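Q: Have a look at this one before I ask anything.
Number of protein chains: 2
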Amino acid sequence: MTTPPPILDLSQMIERHRPRFRTASEFVEAALREAILSGVLPGGLPLRQEELAAAFGVSRMPVREALRQLEARALVEFHPHRGAVVVEISAQDAADISAIRAALEPAALRLSLPHLTRDDLALAADLIAEMDAEADPGRMGELNRRFHMTLYARAGRPRLLALTEQHLAAADRYLRFQFAALAHHPRSQDEHNALLAACRNGDADRACALVTRHILAAEELLTRFLTVRAAHSG
Amino acid sequence: MTTPPPILDLSQMIERHRPRFRTASEFVEAALREAILSGVLPGGLPLRQEELAAAFGVSRMPVREALRQLEARALVEFHPHRGAVVVEISAQDAADISAIRAALEPAALRLSLPHLTRDDLALAADLIAEMDAEADPGRMGELNRRFHMTLYARAGRPRLLALTEQHLAAADRYLRFQFAALAHHPRSQDEHNALLAACRNGDADRACALVTRHILAAEELLTRFLTVRAAHSG
DNA sequence: TGCGTGGATATTGGATCCAATTTATCCAAG
DNA sequence: CTTGGATAAATTGGATCCAATATCCACGCA
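Protein chains in written order, with UniProt numbering: chain A, 1 to 234; chain B, 1 to 234.
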């Protein structure tokens, strides 16, 4: 008797994204992306086109287009005639993403900071407060992303911002490990508050230094945790 | 009488890429990407799926998958039920790409520099020499890209390097304007030589500063040229 | 004469169908 | 019992077909 195929529970993503898009392709792409980033579809999972199509209630074609887009975003890998697989997470990959964030985010912040409005700063403060009250890692990632992007939003560089947001989102795949790696949370909030204060003062150098440290601190903690974990399981 | 449809001369890309790939999708994606980056398919051009399929000798399906990948790389835009268009170039977009390069490349260089070998440095020197003898902008872009990537190659961060190479390639769309913006070439070569010298000395701070200046200098020249040009035509 | 409406046409988006390749299974031989 | 190979099943890649949507142009009307 063969093991029953793992039921893909994508209902969350379906109801959240389906009404927002005009084409099935874009809907499937958005839903799959969130499913991967949130960990519903773990690294290494083979993505059977037929199965996904059934789960989303569409044919295989929009699934294929969506998978190609996710391939370009380095979230899935294609192996010719063998199909697509969710890319694995690893300490190396986490470091890779952190290096990219540490390069992009200070640049975005420096361009954005002079144009931040009082409203932007107030929104950022609100988001920090919301994070204090939030326990769910998924929502937490969303709030964290919005906090950071609020500070970068006035950079006036669409491509730079899109890349930054992509890699902030990519970091979400490691969020649950950050939670597991003991209470990173309160420290992270202190860093958020310090960063916001520097932005309020218009101190670009300090703000950039803080955001860089913030990213690298999280990465170091995460790398240590993932390395230990890999050593145990391997 | 309607104007004859513009014949897409993609023969260069076809013969260069066709044998390198196992699936039609990947072949079409690589060929289209190069056609856009090299300027054979200019910004604003509507990409008719049927026409491309005929030009490549395949059906519409691999074309669609390729277009989706290029969309994720911000080289084409989809408009629902109206098709894909090559994204326009502009002074703003050039500045955007430069900002990304100026963020990524010093980071890559700093990680890579300590691990550069004698052979890497020799190869970089060879590439500078080749550039001196090269007049064709297309080949020039390729050599320039290889020179830069040679210096970054030992960073040990696949995602960071892939992003860097993508945006080096994206800058190629503006290469012919850089040539037009009077002889940028010799100055650029001086900068390349200085950068290589700093790498030889293992002076990371100086190398990073030089590569940043190199990128921003090219951008300033380009922005001025494109702005003037836009003012004339507009 | 200008503008809005309606139908024809072109083109995309999605579904189905077929071919090519890989993986799994089973049997035989060592 | 293991290993090799042939064959069958599963799955992807590609082509074709159909439906949905947008654009274009003619026509009618103010």
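Even glycine gets a Cβ: it sits at the ideal position worked out from N, Cα and C.
Keep in mind it's a predicted model, so treat the numbers as computed, not measured.
To the nearest angstrom, how far is the alpha carbon of residue 129 of chain B from that of residue 113 of chain B?
A: Approximately 21 Å between the Cα atoms of the pair.
Q: Just checking: is the beta-carbon of residue 229 of chain B within a distance shorter than 8 Å of some beta-carbon in chain A?
A: For residue 229 of chain B, the answer is no, since every Cβ of chain A falls outside 8 Å of its Cβ.
Q: Residues of the stretch 73-97 of chain A with a CB closer than 9 Å to any CB of chain B: list them in chain order, please.
A: From the stretch 73-97 of chain A, only 73, 74, 78, 80, 81, 92, 93, 95, 96 and 97 have a Cβ closer than 9 Å to chain B.
Q: Among B:193, B:76, B:201 and B:175, whose alpha-carbon lies nearest the alpha-carbon of residue 223 of chain B?
A: Ranking the options by Cα distance to residue 223 of chain B, first place goes to B:175.
Q: Any beta carbon from chain A within less than 8 Å of residue 100 of chain B's own beta carbon?
A: It does: the Cβ of residue 100 of chain B has a partner Cβ on chain A nearer than 8 Å.
Q: Within 8 Å of any Cβ in chain A, is that where the Cβ of residue 187 of chain B sits?
A: It does not; no Cβ of chain A falls within 8 Å.
Q: To which residues does DSSP link residue 165 of chain A through a beta bridge?
A: Paired residue(s): none; residue 165 of chain A is not in a bridge.
Q: Using three-state DSSP, classify residue 196 of chain A as helix, strand or coil.
A: Residue 196 of chain A: helix per DSSP, three-state reduction.
Q: Is there contact here, the stretch 113-124 of chain A with the stretch 146-156 of chain A, by at least three beta-carbon pairs under 8 Å?
A: As far as the Cβ criterion goes, the stretch 113-124 of chain A touches the stretch 146-156 of chain A, which means the pair count is three or higher.
Q: Could you work out which residue in A:202, A:44, A:66 and A:167 is closest to residue 94 of chain A when comparing CA atoms only?
A: Answer by Cα proximity: A:167.
Q: Measuring only the C-alpha atoms, how far is residue 218 of chain B from residue 101 of chain B?
A: If you take the alpha carbons of residue 218 of chain B and residue 101 of chain B, they lie about 11 Å apart.
Q: With a 10 Å radius around its C-beta and 16 neighbouring C-beta atoms as the bar for buried, classify residue 193 of chain A as buried or exposed.
A: The residue in question, residue 193 of chain A, is exposed, as its Cβ has fewer than 16 Cβ neighbours within 10 Å.
Q: State yes or no: is the beta carbon of residue 19 of chain A nearer than 8 Å to at least one beta carbon in chain B?
A: Cβ-Cβ to chain B under 8 Å: no for residue 19 of chain A.
Q: Show which residues of chain A have a CB atom less than 7 Å away from the CB atom of residue 163 of chain B.
A: Chain A residues near residue 163 of chain B: 100.
Q: Measure the beta-carbon distance from residue 8 of chain A to residue 55 of chain A and round it to whole angstroms, keeping in mind my assumption that it falls under 8 Å.
A: Indeed they touch by this definition, with Cβ atoms about 5 Å apart.
Q: Buried or exposed: residue 5 of chain B, going by 16 or more other Cβ atoms within 10 Å of its Cβ?
A: Residue confidence is low: residue 5 of chain B scores 43 on pLDDT, short of 50, so the model does not pin down where it sits. No coordinate-derived value is stated.
Q: Distance, Cα to Cα, residue 74 of chain A vs residue 120 of chain B?
A: Cα to Cα, residue 74 of chain A sits roughly 27 Å from residue 120 of chain B.
Q: Comparing C-alpha positions only, which one of B:68, B:59 and B:229 sits nearest to residue 62 of chain A?
A: Minimum Cα distance to residue 62 of chain A is reached at B:68.
Q: Determine the direct distance from the alpha carbon of residue 179 of chain B to that of residue 131 of chain B, and round the result to whole angstroms.
A: Their backbone Cα atoms lie some 13 Å apart in a straight line.
Q: How would you write the range of the alpha helix (DSSP H) that residue 102 of chain B sits in, first residue to last?
A: Its alpha helix (DSSP H) spans residues 91-112.
Q: Rounded to the nearest angstrom, what separates residue 124 of chain A and residue 143 of chain A at their Cα positions?
A: The alpha-carbon atoms of residue 124 of chain A and residue 143 of chain A are separated by roughly 10 Å.
Q: Helix, strand or coil for residue 21 of chain A, going by three-state DSSP, please let me know.
A: Reduced to three states, the DSSP call for residue 21 of chain A is coil.
Q: Can you check whether the CB of residue 28 of chain B is closer than 8 Å to the CB of residue 66 of chain B?
A: Yes, the pair counts as a contact, with Cβ atoms nearer than the cut-off.
Q: Determine whether the Cβ of residue 211 of chain A lies closer than 8 Å to any Cβ atom of chain B.
A: Residue 211 of chain A does not count as touching chain B.
Q: Identify the contact partners of residue 160 of chain A in chain B, using a Cβ-Cβ distance below 7 Å as the criterion.
A: Under the 7 Å cutoff, chain B gives 96, 99 and 100.
Q: With DSSP as the reference, label residue 230 of chain B as helix, strand or coil.
A: Residue state, collapsed to three classes: helix.
Q: Measure the alpha-carbon distance for residue 203 of chain A versus residue 42 of chain A and round it to whole angstroms.
A: Cα-Cα distance, rounded: 40 Å.
Q: Go through its chain and collect everything with a Cβ distance to residue 106 of chain B's Cβ below 6 Å, but skip five positions before and after it.
A: Here the set comprises 208, 211 and 212.
Q: Take residue 216 of chain A as the anchor and find which of A:45, A:19 and A:99 has the nearest alpha-carbon.
A: Answer by Cα proximity: A:99.
Q: Please classify residue 88 of chain B: is it buried, with 16 or more other beta-carbons within 10 angstroms of its beta-carbon, or exposed?
A: Classification for residue 88 of chain B: exposed.
Q: How would you write the range of the alpha helix (DSSP H) that residue 63 of chain A sits in, first residue to last?
A: Segment 60-72, the alpha helix (DSSP H) holding residue 63 of chain A.
Q: Whole angstroms are fine: how far does the CA of residue 133 of chain B sit from the CA of residue 169 of chain A?
A: Whole-angstrom Cα-Cα distance: 44 Å.
Q: Smallest Cα separation from residue 10 of chain B: which of B:150, B:51 and B:80?
A: When each option's Cα is compared against that of residue 10 of chain B, the closest is B:51.
Q: Given a threshold of 16 other Cβ atoms within 10 Å of its Cβ, counted over all protein chains shown, does residue 59 of chain B qualify as buried or as exposed?
A: Exposed, because fewer than 16 other Cβ atoms sit within 10 Å of the Cβ of residue 59 of chain B.
Q: Which term fits residue 141 of chain A, buried or exposed, when burial requires 16 or more other beta carbons within 10 angstroms of its beta carbon?
A: Buried, because 16 or more other Cβ atoms sit within 10 Å of the Cβ of residue 141 of chain A.
Q: For residue 149 of chain B, which residues in the same chain have their Cβ closer than 8 Å to its Cβ, ignoring the five residues on either side in sequence?
A: The answer, listed in chain order, is 161, 164, 165 and 168.
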